[in-house]
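This report concerns only the one structure given below.
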Amino acid sequence: MRVAMIGTGYVGLVSGACFADFGHVVTCVDKDEGKIERLRQNVIPIFEPGLDDLVASNVRDGRLKFAVDGAEAIRQADAVFIAVGTPSRRGDGHADLSYVYAAAEEIAGLIEGFTVIVTKSTVPVGTGDEIERIIKARRPDADFAVVSNPEFLREGAAIDDFKRPDRVVVGTDSERARLVMAELYRPLNLNDTPILFTGRRTSELIKYAANAFLAMKITFINEMADLCETLGADVQQVARGIGLDNRIGPKFLHAGPGYGGSCFPKDTLALVRTATDAGSPVRLIETTVQVNDARKRAMASRVADALGGNVAGKTIGVLGLTFKPNTDDMRDAPSLDIVPELQKAGAIVKAFDPEGMDEAAKLLPDIQYCSGPYEAITGADVVLILTEWNQFRALDLDRVKLLMSQPIMVDLRNVYSAPELKVRGFAYHSIGRPTQD
Ligand code: UGA
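What follows is the structure in structure tokens.
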């Protein structure tokens, strides 16, 4: 099948490369000329494990192309995917749909023959209806169907998530569109991936409901962690104890500094706005948003507590800045709340992140950026683990202790355990587990 993918952000680029790898002929389109030129030279704008090889091999085999002008690709396409950004609109938290509607206008002027227009961007319920209206108004003669096909991939595991998803959701009432979508995802039949066909509005809501539920699950375990600290219980054991119940499940029960990233904060807020406007408020999600925001802001005080109440003049060695490992994405990362809070209180911050430092430097300019974890720790009064990158999981703790001014660790990702740190003479503070001084 011939696919045009409008937008080469995370979702567009990964989906485009994966569809090409399935054997389809894909053109990824983006208005950003520099980005397209770099992609043609296999310079990938994001850090995503395996993506450079996937793009290179599919370009080499002639199934994947990049273009600034999408006219030809859209005319020839069986399916045109809209995978442009839907950032939070400034001020009100609603998803900004201007890029989506601009893409719909452009597509309307170009399609030839029956074409399926698919929204992969995360869009509020009813957006498919509006896209249909825009295209009909501009091209009353056009033969098309608008389909919702939300994406559930995670950054850092995006290719695997796309190729081995738990499910694919397709929202359409059109039988012809259904056949096109089934053909596009046919390679997934090999591993028996469920393909769930629903109405379009239902499919749009499934995406928001999934992200909101996961954000709520994380927020739940974070609150349990706080309770564990007060009651002298261990949140990891609580998570295991409840997660072994199949109805709850073990995933997304890692307590931490609060969720971040390009999706959960934006999508929970958008769902709250949609629901409020519809007169059917989602109070659990409203609370989730508030609790998570407050949590990120409160994390700095844990460092102060570990230092006896005051960070002024103290050096903090921060390990990890991105919102999670295996990405260079800094969007809504907890570090963006925690580091400025520490600096405001007079701390000196040194930091290392394996992939995120270029992005971080734009947002957190007053950090001393280091070339490795040990440099970030040198002379520090406390080491603060903010992101659980693999390379922070097996630090040489004796070396860490020697390099630090005093051996104190604040581990907001529960990478280490209290007994192993205590044996080496560290004061160790983690999330939701008994503290060890
Ligand atoms: C999330 C969803 O997991 C994807 O299914 C979805 O497709 C994507 O949003 C999207 O809408 O595009 P992502 O933002 O890449 O994916 O990252 P996650 O792995 O979900 O992590 C989000 C945040 O939650 C991170 O800050 C992470 O540290 C935090 N988290 C996650 C926890 O604190 N505890 C957990 O147990 C899991």
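Okay, so the sequence shown: first residue is 298 according to the numbering used here, each after it adds one.
Idealized CB from N, CA, C, for every residue including glycine.
Going along the chain, which residues of its own chain have a beta-carbon closer than 6 Å to the beta-carbon of A405, five neighbours each way excluded?
-> So the list reads I432, R435 and R436, once near-sequence residues are dropped.
Please state whether DSSP places A521 in a helix, a strand or coil.
-> The amino acid occupying residue 521 in the given sequence is Met; Ala does not appear at that position. For M521, the secondary structure class from DSSP, reduced to helix, strand or coil, is helix.
Buried or exposed for Q338, please, with buried defined as at least 16 other CB atoms from any protein chain shown within 10 angstroms of its CB.
-> With fewer than 16 Cβ atoms within 10 Å of its Cβ, Q338 is classed as exposed.
Within this structure, are the beta carbons of V415 and V444 separated by less than 7 Å?
-> At the C-beta level, V415 and V444 come within 7 Å of one another.
Can you check DSSP and say which residues form a bridge with S445?
-> T416 and G468.
8 Å Cβ shell around I428 - same chain, five flanking residues per side excluded | Around I428: I379, V397, Y398, A401, I414, T416 and V443.
The ligand UGA heavy atoms versus the CB of E656: any closer than 6 Å?
-> Outside the cutoff, so no.
Within the region 526–580, note down every full alpha helix (DSSP H) run reaching 4 residues or more, in order along the chain.
-> Runs found: 532–540 and 561–574.
Would you list the one or two residues that DSSP bridges to Q614?
-> A quick correction: the sequence has Gly, not Gln, at residue 614. DSSP, once it has assigned bridges, lists K647 and V680 as partnering G614.
Excluding the 5 residues preceding and the 5 following A317 in the sequence, name in chain order all residues of the same chain whose CB lies nearer than 7 Å to its CB.
-> Listed in chain order, the non-local C-beta contacts of A317 below 7 Å within the same chain comprise V323, N355, R360 and L361, local neighbours out to five positions each way being set aside.
For K332, does the three-state DSSP call read helix, strand or coil?
-> Helix, per DSSP.
Grouping DSSP H, G and I as helix and E and B as strand, with all else coil, what is A392?
-> Of the three classes helix, strand and coil, the one that applies to A392 here is strand, per DSSP.
Take the Cβ of A691 as the centre, count every other Cβ of all protein chains shown within 10 Å, and call the residue buried at 16 or more, exposed below.
-> Under a 10 Å Cβ-count criterion, A691 is classified as exposed, with fewer than 16 other Cβ atoms of the shown protein chains found around its own Cβ.
On the three-state DSSP scale, how would you describe D463?
-> Here DSSP, grouped into helix, strand and coil, assigns D463 to coil.
Tell whether a beta-carbon distance below 7 Å holds between A603 and V679.
-> Cβ distance < 7 Å, so A603 and V679 count as in contact.
So, is S727 buried or exposed, given that buried needs 16 or more other C-beta atoms within 10 angstroms?
-> Its Cβ being crowded by 16 or more others within 10 Å, S727 is buried.
Opening and closing residue of the alpha helix (DSSP H) in which F316 lies = Y307 to D318 is the extent of the alpha helix (DSSP H) around F316.
Spatial neighbours of A439 in its chain, beta-carbon cut-off 8 Å, leaving aside the 5 residues before and after = Cβ neighbours of A439 beyond the five flanking positions: A405, I408, T412, I432 and K433.
Using only the heavy atoms of the ligand UGA, determine whether one of them is closer than 6 Å to the beta carbon of Y556.
-> For the ligand UGA, a non-hydrogen atom lies closer than 6 Å to the CB of Y556.
Bridge partner(s) assigned by DSSP for F510 = Under DSSP, F510 takes part in no beta bridge, so it has no partner.
In three-state DSSP terms, what is L450?
-> Coil, per DSSP.
So does the region 629–644 actually touch the region 550–566, counting three or more Cβ pairs closer than 8 Å?
-> Yes, they touch.
Terminal residues of the continuous alpha helix (DSSP H) containing Y671?
-> In the DSSP assignment, Y671 falls within the alpha helix (DSSP H) that extends over P670 to I674.
Pair within 7 Å by beta-carbon distance, V340 and A314 | Pairing V340 with A314 gives a Cβ-Cβ distance that is not under 7 Å.
Report yes if the C-beta distance between P731 and W686 is below 7 Å; otherwise report no.
-> Not a contact, by the Cβ cut-off of 7 Å.
Nearest CA to the CA of T612: which residue from T624, R592, R594 and K647?
-> Answer by Cα proximity: K647.
DSSP state of S727 mapped onto helix, strand, coil = Per DSSP, reduced to three states, the secondary structure at S727 is coil, with no helix or strand assignment.
Check: N687 C-beta below 6 Å from any heavy atom of the ligand UGA = Not so, every heavy atom of the ligand UGA lies at least 6 Å from the Cβ.
Three-state secondary structure (DSSP) of M750 = This structure leaves residue 750 out entirely; the chain is present only between 298 and 734.
According to DSSP, residues forming a beta bridge with T738 | The requested residue 738 is not part of the displayed model; the chain covers only 298 to 734.
Around the C-beta of S418, are 16 or more other C-beta atoms found within 10 angstroms, so that it is buried, or is it exposed?
-> Result: buried.
Of the residues R430, Y307 and R335, which one's Cα is nearest the Cα of T383?
-> The residue with the shortest Cα to Cα distance from T383 is Y307.
Measure the alpha-carbon distance for I682 versus L616 and round it to whole angstroms.
-> So the two alpha carbons sit approximately 5 Å from each other.
At what residues does the beta strand (DSSP E) containing K362 begin and finish?
-> Residues L361 to A364.
For N519 and T675, the rounded distance between their alpha carbons | Taking the straight line from one Cα to the other gives about 31 Å.
CB V381 to CB A301, shorter than 7 Å?
-> The beta carbons of V381 and A301 sit no closer together than 7 Å.
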